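Working notes, beginning with the structure itself.
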Amino acid sequence: MARTTDPIALPELTTDDLSRYSRHLILPEVGMEGQRRLKAARVLCVGTGGLGSPLAFYLAAAGIGTLGLVDFDVVDASNLQRQIIHSTKDIGRKKLDSAEEKLRALNPALNVVKHETMLSSANAFEILKDYDIVADGTDNFPTRYLVNDACVLLGKPNVYGSIFRFEGQASVFATEQGPCYRCLYPEPPPPGLVPSCAEGGVLGILPGLVGVIQATEAIKLILGKGESLIGRLLLVDALNMRFRELKLRKNPECPVCGPNPTVTELIDYDQFCGIMPETPQEKTVKNGIPQLSVKELKRRIDAGEDVFILDVREPYEYQIANIGGKLIPQNDVPQRLAEIDRDREIVVQCRSGARSQRIAEFLKQAGYAKVVNLAGGILAWSDEIDPKVQKY
Amino acid sequence: MIILVPTPLRPFAGGLDAVKVSADTVAEALTGLTLAHPELRRHLFTSDGKLRAFVNLYLNDEDVRYLPEKEATAVKAADTLSIIPSIAGGD
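Listed in order, the protein sequences are those of chains Y and H.
The first sequence: position 213 = 213 (this note's numbering), numbered continuously.
The second sequence: position 45 = 1045 (this note's numbering), numbered continuously.
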């Protein structure tokens, strides 16, 4: 690792540092040398969202010298339920700019490096090379594998955290002696099997818990103290407030970090995760289900056509906003087929078009001849047809 | 023994977060699970009956892959089998 640990070469602490970090300095596990190591450290946060918010904040508070931030997204109101580094006034603003402002307000001595880009195989090495540790706060499988492989190939520890609804995972991958992400998960799940936070929902506090665990692990690596999560998978169940630990081993046949690696350079991770680029065809047909635009649905309704809208969301969502569809929550559909007319064309609708697509495919398999998916769901209806329909 | 069902797979296990099965080995426990909840089968196994690579099985805190007898490992009533799928959320 390129990190400086030679005490002579570590940066000196200023008088401001000595007063700011006094609570660290009096800890035997940190002390002057530990604080100087933190000051010398360069950590890259991939993502300034749910995990990235507490991660970046606590690293800045701890006195990390250089914090790199990777994000290309803009602050949205729905982020503020958990991405606490952003404020209401930042809605519409670049996340990187919002994050930098708050981090420098907390710690003006912090060197913030903004990487306004989507991490890809083309730029990952170039971006990661100047950092000592990478903290992964991304939200999709292709990037998880990309970060892992890049860290292994460059020899940088990957402080890992991930969340889903109210469960989280944390570990430290890609160290020489420990396993990497692929040792645990050699293959990604098929696309669509594990919903994103936008589709599955997430308890707002959860990335707070897991992000701070990641920050803790990064700091421990820098200090060289305590027992790292290398070789351990921490499982967090926030709903039942249970923490469990599983043993992780280096896979002797790991294609990236094993003794006989077959992955020696970065690959096409979208392809690896089975995500095909959307063909023009798919805008109109996806997995055999025709996609109906909200504009076309509106036209049909206005023309007095016989339209059966099947709304597969949950009752509380229907209460927030609906377009008059028949509500049968997705999990109830198999038992309530009698209520869905086989002779009519069924327009399946949900919030964003994801659940409705799955139910449409299910109906097709169940023998329904005329099923279409409302592309973009009620969100698209609100955006394009009737803004009075509440988005959520 | 108890099999712990992770959040992404609960919709296919009738919403349950834990399933009790009687079994002598890990493999038997899995069979018991998929008999009780057939929808789980395609999420856990490939068409040729192998455990999917993005699903990890832990007997107590040990990865079944690394146990000498893997799925043939004997289990006790007090043991816990955990299914650990990959999750990617971070945003």
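Ideal Cβ placement from N, Cα and C applies to all residues, glycine included.
For clarity, every value in this text was computed on a predicted model and none was experimentally measured.
- Closest in alpha carbon position to Glu1069(H), among Arg1041(H), Ile1083(H) and Ala1027(H), is Ala1027(H).
- Interface annotation, Ser1086(H): in contact with chain Y, CB-CB separation under 8 Å.
- Uninterrupted alpha helix (DSSP H) stretches at least 4 residues long and entirely within the stretch 137-190 of chain Y occur at 141-154 and 181-184, given in chain order.
- By the neighbour-count definition (other C-beta atoms within 10 Å, threshold 16), Leu18(Y) is an exposed residue.
- For Glu1069(H), there are no neighbours in chain Y by C-beta distance under 7 Å, as the nearest C-beta there is about 16 Å away.
- Under the Cβ criterion of 8 Å, Glu1062(H) is counted among the residues facing chain Y.
- Taking the Cα of Lys102(Y) as reference, the smallest distance to any Cα among Leu55(Y), Thr138(Y), Asn240(Y) and Glu126(Y) is reached at Leu55(Y).
- Around the beta-carbon of Glu217(Y), 16 or more other beta-carbon atoms lie within 10 Å, marking it buried.
- Across the structure, Phe125(Y) and Asp270(Y) are spaced so that their CA atoms are roughly 18 Å apart.
- Not a single CB atom of chain Y sits nearer than 8 Å to the CB of Gly1049(H).
- At a Cβ-Cβ threshold of 8 Å, Leu229(Y) and Phe166(Y) do not count as neighbours.
- Taking 8 Å as the cut-off, the beta carbon of Thr175(Y) is found no closer than this to the beta carbon of Pro191(Y).
- Where Thr1034(H) is concerned, the enclosing alpha helix (DSSP H) starts and stops at Val1026 to Ala1036.
- Taken in chain order, the complete beta strand (DSSP E) segments of 3 or more residues contained in the stretch 337-387 of chain Y are 346-349 and 371-374.
- Following the DSSP letters along the chain, one finds Lys247(Y) inside the beta strand (DSSP E) bounded by residues Arg242 to Lys247.
- By the C-beta density criterion, Glu100(Y) is buried, having at least 16 other C-beta atoms within 10 angstroms.
- Annotated three-state conformation of Val134(Y) is strand, per DSSP.
- As DSSP reads the structure, Ser1086(H) sits in no beta bridge.
- Around Ala1013(H), the same chain offers Val1005, Val1019, His1037 and Leu1040 as residues with beta carbons nearer than 7 Å, after the five sequence neighbours per side are excluded.
- When Cβ pairs closer than 8 Å are counted between the two stretches, the stretch 128-147 of chain Y is seen not to touch the stretch 242-252 of chain Y, the count staying below three.
- Contact with chain H is absent for Ile84(Y), since none of that chain's Cβ atoms lies less than 8 Å from the residue's Cβ.
- In terms of CA proximity to Val371(Y), Val307(Y) leads the group Val307(Y), Tyr58(Y), Gln335(Y) and Ile323(Y).
- Here DSSP, grouped into helix, strand and coil, assigns Thr66(Y) to strand.
- For Lys225(Y), the closest alpha carbon among the candidates Ser162(Y), Asp302(Y), Ala9(Y) and Leu38(Y) is that of Leu38(Y).
- Each residue's CA atom was taken as its position, placing Gly324(Y) and Leu310(Y) some 9 Å apart.
- By the neighbour-count definition (other C-beta atoms within 10 Å, threshold 16), Asn79(Y) is a buried residue.
- If you look at Tyr316(Y), you'll find it in the alpha helix (DSSP H) that goes Pro315 to Ile320.
- Counting only Cβ-Cβ distances below 7 Å, Ala1053(H) has contacts in chain Y at Pro186 and Glu187, in chain order.
- Look at Gly1089(H): its C-beta is under 8 Å from a C-beta on chain Y.
- Membership of Pro207(Y) in the alpha helix (DSSP H) is indicated by the continuous run Leu206 to Leu223.
- By the C-beta criterion, the stretch 177-190 of chain Y is judged not to be in contact with the stretch 11-29 of chain Y, since fewer than 3 inter-stretch pairs fall below 8 Å.
- A check of alpha carbon separations from Val294(Y) across Pro259(Y), Gly34(Y), Glu339(Y) and Pro387(Y) identifies Pro387(Y) as the nearest.
- Taking C-alpha positions only, Ser22(Y) is separated from Leu1057(H) by approximately 45 Å.
- Collapsing the DSSP output to three states places Pro290(Y) in a strand.
- In summary, Met118(Y) is exposed, with fewer than 16 beta-carbon neighbours lying within 10 Å of its beta-carbon over all protein chains present.
- For Thr48(Y) and Glu384(Y), the gap between their C-alpha atoms comes out near 29 Å.
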